[in-house]
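In numbering that gives the first Met the number 0, the protein residues as written are 0 to 414.
Cβ atoms here follow ideal geometry from the backbone N, Cα and C, with glycine treated the same way.
As the structure is a computational prediction, the values presented were derived from the model and not from experiment.
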Amino acid sequence: MPAKAGMLIAFACAPGTTANDKAPNGRNGMFTYHLLRHITRPREDLLMLLVDVTDGVVNDTKGKQMPYTTSALTKRGICLAGLHTKEMPLTADFGSSSQSTLISTQQLPLRASFIDIHPNAKWSKNGITVAGANEGGNGINQLWYPWGLYVDDDQTIYVADWGNHRIVKWKPGAPNGKMVAGDNGEGNHANQLSYPRDVIVDKQSNSFIVSDDGNHRVVRWPCRNGTRGETIISNISCIGLTVDGNGSLYAVDIEKDAVRRYKIGDTQGTMVAGGNGDGDHLDQLSNPRYIFVDRDHAVYVSDGWNHRVMRWEEGAKQGTIVAGSQGKGNSLTQLNEPEGVVVDQLGTVYVADSLNHRIMRWPKGATQGSIIVGGNGEGTQSNQLNCPSCLSFDRHGNLYVVDNENHRVQKFDMA
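Dropping the structure here:
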């Protein structure tokens, strides 16, 4: 473990809570208990080890203990600092080669499946519009067939505004959005986008990563005052994007019915799901849309035209069905062109059941799901959706849904 003597790793109690630091073994504190569980792993990268330790502490204390940084209490990052607050080079292993990375108070991403939701959690049946909804349009308070969504730690949302060829940032409670990428008309120049389908925020590089579908590329765009993007993947008809705890990028290639993983510096990628032609066998996908990667690097794919969600373990040659599979339909055992997908720590799958105008929850191993929001027919009322395309949760468990054909983003508070 390439750590230097004198390194400080601190946890603090979350605001307004009290936490019992007694570990399950009854002897150690929480941090020591989880550190001892993971520290014996051979050739373990320090960054990934601390990610697992932090996951364990926050999970066992139900979010009452969080990593402490110099500026905030957060469960979304780890703060590593030397004795004299100097930056310390740490070795981060990204595949076959090692790169030296400078880390001080930078926030480092935790595993994707960090979301901790009670299995019986409920959400308000009526959504609150947090972006768009002023009819479809290109104004700063409007969206036009939005698709992808990213929710930041402070509940700021970033929306792939498909029909306006731009990425829009909406602060909590703001009546208007702010254009942060594109908005220079449809085109293929470095300062333009064409029908973007998804956006994620890469905290390590302080940039947006956008699936620029109309231009068959994935672009990286600086978060701060960025006026142009950089193409990082070419010749791909991409919809969904995500990043795992190692910094690897995953992209859905809808034309090739495949999902590829791109490690840092890789432009070709490695097939991790599908890639065996359009079909409904367990080693195939048909018009895949969005993806989610859990802490074990298993890939969950919304398999659109097969009306199911698939799970592919790392290195697997075929997937398993975790939601749907009973053909297109609107019963609780069926999906109809699923889109966005999220998975929590328990393996529960949450999916945007697009053409059924509802969000479904499928517990691990279940043969049918349940409706958590929507399901009241296609419409514009606060308890209705119209072709939801993407979903996400904030750190409080509130649910955000891109309501595509209503040109809005709806927030459903946890009840």
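With at least 16 other beta carbons inside 10 angstroms of its own, L148 counts as buried.
In the structure shown, E404 falls within a helical segment according to DSSP collapsed to helix, strand and coil.
With a cutoff of 8 Å on beta-carbon distance, P337 and V308 are scored as near each other. Contact annotation, Y249 with I290: C-beta distance approximately 6 Å; criterion of less than 8 Å satisfied. Contact check for W146 against V401 passes: the beta carbons are separated by less than 8 Å. DSSP links F392 through a beta bridge to L398. Restricted to the stretch 255-331, the beta strand (DSSP E) segments that are unbroken, complete and at least 3 residues in length are 257-261, 269-273, 287-292, 298-302, 307-311, 319-323, listed in chain order.
Taking the Cα positions, V179 is about 26 Å away from N385.
Straight across, the Cα-Cα distance linking D151 with A322 is about 27 Å.
Across the structure, K170 and H164 are spaced so that their CA atoms are roughly 20 Å apart. In this structure, the CA atom of Q267 is about 39 Å from the CA atom of S369.
If you draw a straight line from the Cα of N125 to the Cα of N397, it is about 12 Å long. Here G228 carries a coil assignment [DSSP, helix/strand/coil]. Around the C-beta of P287, 16 or more other C-beta atoms lie within 10 Å, and the residue is accordingly described as buried. At a Cβ-Cβ threshold of 8 Å, I238 and R196 count as neighbours. Separation of the CB atoms of Q325 and H356 is rounded to 18 Å, and the pair is thereby denied contact status at 8 Å. Residues of the same chain with a CB within less than 7 Å of the CB of T241, apart from the 5 flanking positions on each side, are A111, I199, Y249, I290, F291, V292 in chain order.
For M359, the enclosing beta strand (DSSP E) has its first and last residue at 357-361. According to the DSSP assignment, W220 belongs to the beta strand (DSSP E) that extends over 216-221.
Straight across, the Cα-Cα distance linking R219 with T230 is about 6 Å. In the DSSP assignment, A173 falls outside any beta strand (DSSP E), carrying neither H nor E. Each residue's CA atom was taken as its position, placing A365 and I139 some 42 Å apart. Comparing alpha carbon positions, the residue from I263, E254, R260 closest to N275 is E254. As far as DSSP is concerned, R196 takes part in no beta bridge. For L354, no beta strand (DSSP E) segment is defined, and its DSSP state is neither H nor E.
In chain order, D343, G396 place their CB closer than 6 Å to the CB of I116, counting only its own chain and leaving out the 5 sequence neighbours on each side. One alpha carbon belongs to V217, the other to A351, and they sit about 23 Å apart.
By the neighbour-count criterion, in which 16 or more other beta carbons inside 10 Å mark a residue as buried, H280 falls on the exposed side. Taking 3 residues as the minimum length, the beta strand (DSSP E) runs contained wholly in the stretch 139-183 are 148-150, 156-160, 165-169, 177-181, in order along the chain. For I371, the enclosing beta strand (DSSP E) starts and ends at 369-373. Between K121 and A414, the beta carbon gap of about 4 Å places them in contact (Cβ cut-off 8 Å).
Between A130 and V408, the beta carbon gap of about 4 Å places them in contact (Cβ cut-off 8 Å).
Where A189 is concerned, there is no enclosing beta strand (DSSP E), because DSSP gives it neither an H nor an E. In this structure, R227 lies away from N205, with their beta-carbon atoms at least 8 Å apart.
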